[in-house]
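Structure first, then comments.
Residue numbers (my numbering): 1 to 421.
Structure below.
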């Protein structure tokens, strides 16, 4: 179009909004050019995108989609009621869909500035309604268990009760340390705590010993005693006769090495007990990385994954469960990275990793997680139905020197065990 013609057409356009002119008007021409100027590059980009996508092998796109589909998501549980205050290091026991929380502490990480706060209250999460309830148990004698941390706990399914063994209470400088060797039974229906009276002498008082119950028999392994010595002895306790029996002595060469605060889980068949990780400390803290299986009928230990051949780091203060015949470990504390604190305790490096060990395998496989909890250690965990539940515990931040500290978790998460088989 000639310049004179454009000038003449512009003189014709005198409407207030300058958006509508006669068919030959300049504004219509200009608007058309603007639309084409924006639309054509956009169209070209779309065509180029589709062309490049066509060059990507179908197998690569399918692999990426499959990888995303294989990721497993934790579920953030929306709970109500009397949510427990920040804490870690206690136990959570499932009786049906009721999850019983007992013990633990709010930990001090600077021994020159604060002290630990211990708990002896009972909180119950109903996994069917996601409601927390605080309980105040009673006792026939009027005596209730003392405040403690790192106790052993298990469900006594034949009676629908929870049993708790040992644990300890100590100050931040570990100049005062009281280990317990008592056994308590909590009746959910009656809301009572009853102390078991032993018919004979059993294991010495200790923290970090782990227990399971099958039938009327309790099994106990390991622990860390009043004299700061770790153990690897194995005991059984008859819950009917109230008698202890030592099945394996300390330093037995065919048993797992000495340890405390480890994973100790009864298999679905209740024929075997699986043992993983834990701490060993007499001068320095060592996190175990081996996996063992104890056959109850044969009274024998079998090493499944040795510390020399394992493909994962040692860890402690985590969760575990069975998904069919697959043994699962989750969260906890690992030795690499992290930081130390001004406290007479171990180094801090929580993780949110999840690993699984299939029956017959000698290597762990990492479970790919999508959404999940933050790294957590000393959390409470329990299995209800086909889900692993975790709650409380803490992450520990080391990224800003001088501002290190715990980040306590008050949320509850659950993981579908069917999805990780």
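Glycine included, each C-beta is placed from N, C-alpha and C at the ideal position.
Cβ-Cβ distance between residue i and residue j below 8 Å
i           : j           : result
residue 167 : residue 221 : no
residue 440 : residue 262 : Residue 440 lies beyond the stretch modelled for the chain, which goes from 1 to 421, so this question has no answer here.
residue 338 : residue 277 : no
residue 321 : residue 234 : no
residue 110 : residue 342 : yes
residue 331 : residue 352 : yes
residue 163 : residue 118 : no
residue 226 : residue 172 : no
residue 133 : residue 187 : no
residue 223 : residue 253 : no
residue 76  : residue 99  : no
Residue i classed as buried or exposed, judged by whether at least 16 other C-beta atoms fall within 10 angstroms
i           : result
residue 363 : exposed
residue 418 : exposed
residue 328 : buried
residue 169 : buried
residue 239 : buried
residue 279 : buried
residue 71  : exposed
residue 231 : buried
residue 107 : buried
residue 414 : buried
residue 291 : buried
residue 103 : buried
residue 143 : exposed
residue 373 : buried
residue 73  : exposed
residue 340 : exposed
residue 24  : With a pLDDT of only 44 at residue 24, under the threshold of 50, the placement of this residue in the model should not be trusted; the figure read from the coordinates follows. Looking at its Cβ environment, which holds fewer than 16 other Cβ atoms inside 10 Å, residue 24 is exposed.
residue 158 : exposed
residue 42  : Low confidence applies to residue 42: its pLDDT is 49, below 50, so where it sits in the model is not reliable enough to give any reading.
residue 402 : exposed
residue 129 : exposed
residue 95  : buried
Collapsed DSSP secondary structure at residue i in the structure displayed
i           : result
residue 196 : coil
residue 367 : coil
residue 178 : strand
residue 430 : The requested residue 430 is not part of the displayed model; the chain covers only 1 to 421.
residue 240 : coil
residue 418 : helix
residue 70  : helix
residue 265 : strand
residue 358 : coil
residue 402 : coil
residue 412 : strand
residue 308 : coil
residue 151 : coil
residue 334 : coil
residue 285 : strand
residue 188 : coil
residue 169 : strand
residue 434 : Since the displayed the chain opens at 1 and closes at 421, residue 434 lies outside it and no answer follows.
residue 94  : strand
residue 297 : coil
For residue j and residue i, the rounded distance between their alpha carbons
i           : j           : result
residue 269 : residue 89  : 28 Å
residue 245 : residue 217 : 11 Å
residue 211 : residue 398 : 33 Å
residue 421 : residue 194 : 38 Å
residue 324 : residue 381 : 18 Å
residue 406 : residue 376 : 10 Å
residue 371 : residue 250 : 42 Å
residue 242 : residue 200 : 8 Å
residue 85  : residue 411 : 11 Å
residue 196 : residue 214 : 17 Å
residue 303 : residue 272 : 13 Å
residue 138 : residue 185 : 12 Å
residue 147 : residue 247 : 29 Å
residue 358 : residue 274 : 12 Å
residue 153 : residue 205 : 15 Å
residue 140 : residue 192 : 8 Å
Cross-strand partners of residue i (DSSP beta bridge)
i           : result
residue 292 : 275 and 303
residue 248 : 234
residue 270 : DSSP lists no partner for residue 270.
residue 423 : Nothing about residue 423 can be read from this structure; the chain reaches only from 1 to 421.
residue 144 : None, per the DSSP bridge assignment.
residue 206 : 225
residue 125 : 99 and 132
residue 450 : For the chain, the structure presents residues 1 to 421; residue 450 sits outside this window and is missing.
residue 75  : 414
residue 376 : 351
residue 387 : 384 and 416
residue 81  : 132
residue 397 : 405
residue 342 : 110
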